[in-house]
Structure formats: C-alpha cells, structure tokens
Amino acid sequence: MASGVDALDDAVRRALYRRMIAQLRSAIRGASEEQVLRAIAARSASGSIAEILAAVPAEAGETTDAWAEELLRGAVKKEEMLEEAGGTYTTGQVAQLLGISVAAVQQRRQRNRLLAVPLNSGEWGYPVVQFSEAGVPPTLARVLAAFEEPNPWVQLSVLLADDYGEGRIIDWIHAGDRIEDALRIAASFGHQAAA
1 MASGVDALDD
11 AVRRALYRRM
21 IAQLRSAIRG
31 ASEEQVLRAI
41 AARSASGSIA
51 EILAAVPAEA
61 GETTDAWAEE
71 LLRGAVKKEE
81 MLEEAGGTYT
91 TGQVAQLLGI
101 SVAAVQQRRQ
111 RNRLLAVPLN
121 SGEWGYPVVQ
131 FSEAGVPPTL
141 ARVLAAFEEP
151 NPWVQLSVLL
161 ADDYGEGRII
171 DWIHAGDRIE
181 DALRIAASFG
191 HQAAA
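The numbers in my numbering rise by one with no breaks, and the one at position 57 of the sequence shown is 57.
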C-alpha cells in the first residue's frame, strides 16, 4: 500500500503531466508547418519541445515567462554544443576506448581530468571531441583544471569557441599548440563572475 507521501507525489506528478501535455498540445496546434518541421528535426525530444514552445506565442491573457524562455534557449544551446562536439560517449564507452575501468573513468571525471556533461537521462556524457585515436591529449587535464569554476557546460562552451583566433581551443589542445593561451583563457572563467 502506498503511503500518503507517495500518493501525494503521484497526484502532483499526474497534475504536472496533464498541465504539460495540455500546453504541448496547444503549442503544436498553433504552430506553423515550418515550426513543426523544425521541431521534428531537433536532435532530441527536449530539443523538439524547446523548438515548438519557443516558436508559438503565449495564449491570449497569458504572460510570457522569461525564465522558462531562458531555460528553453539553454536547452537548445546545449543540444547545439553536443552536436558540435560530435555527440557524447557513455562512461562504459570511454572505459572501453581508454582501456580502463568504469570506476577509473568516473574518477577522472570527478577529478576534472575528463570532461563530462550531465545529460537529461541523469547520466554523464563525455563529449567525443576531447578524444582522438591516441586517447585523451595529455594537456586536456591541465586546461580543465585551469577553470576557476569547473562547470562542465562552461568548459565545453569555451573549448568549442572559435572566438580567440586560429581555431577552437580544443583543436589547440589536440595539436599541442597555444597551450599557455588555452590555460590563460580557461583561468579567466570564474574571475569574470567574481568581478
């Protein structure tokens, strides 16, 4: 028999489910054919949801929820970054690729020696772009450690950025070039937030 807390939890979840389905149904009905096709083309279910909700204006009398819009934009940006990063490997795939145990992969992630981002599934995804046939560039751990605040999404964004001239930082790391520049740029993240 379910406890009162479990029953309340189930009732709240059902209410949330009904609310979300009603909103999605309304958004899909109000979307243009082009908006629906863009939503279908998204890489994931969360990307499709973000596309369709971002494309359709709020119902009459409804106020726009700026925070929700920011969350949707963030979800879309994360999907784009993962696509640019070549997708992700699972912990097991990384263990096999590097010839180490799953526990060793998790330890490297926790020690900021491998980059992994939290996925919607609750699992960690290891961006493919950090790996090569030789494994992981030895300087990657130094660059990751240079970030004052080790937020994996910020780290991935910086590694993929082509804003610093002469290619992306991750490409410098793979080539063994401009490592001091990469370290300086990585170290600058966290200082900006404190300023």
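Each residue gets a CB set at the ideal place from its N, CA and C atoms; glycine is no exception.
Applying the 10 Å Cβ sphere with the 16-neighbour rule, what's the burial state of Y89? buried
Would you say E33 reaches chain B, if we count a Cβ-Cβ gap shorter than 7 Å as a contact? Considering every chain present, this structure includes no chain B. It has just one protein chain.
DSSP state of A152 mapped onto helix, strand, coil: As written in the sequence, residue 152 is Pro, which differs from the Ala given in the question. Residue state, collapsed to three classes: helix.
Quick check: the Cα distance between T139 and V154, rounded to an integer number of angstroms? 18 Å
Quick check on the DSSP output: what are the complete alpha helix (DSSP H) runs of length 4 or more inside the stretch 27-99, in order along the chain? 33-41, 45-55, 66-84, 91-98
Per DSSP, Y17 is paired with what? Per DSSP, none; premise fails for Y17.
Please list, in chain order, all residues of the same chain as R168 whose beta carbon is under 8 Å from its beta carbon, the five residues on each side excluded. L159, L160, A161, D162
Span separating the alpha-carbon of A60 from that of A22: Reliability of the predicted coordinates at A60 is poor, the pLDDT of 49 falling under 50, and no value is obtained from them.
Under three-state DSSP, which class holds V158? Correct three-state label for V158: helix.
What is the DSSP secondary structure of V117, counted as helix, strand or coil? Strand at V117.
Where A7 falls: helix, strand or coil (DSSP): helix
Considering only the alpha carbon of each residue, which of L115, G165, E69, K78 lies closest to V129? L115
Do you know offhand how far A193's Cα is from A182's? Confidence is the limiting factor: at A193 the pLDDT is only 43, short of 50, which leaves the residue's position unreliable, though a coordinate-based value still follows. Whole-angstrom Cα-Cα distance: 19 Å.
Would you identify the three-state DSSP class for S188, choosing helix, strand or coil? helix
Are the Cβ atoms of A85 and P127 separated by less than 7 Å? yes
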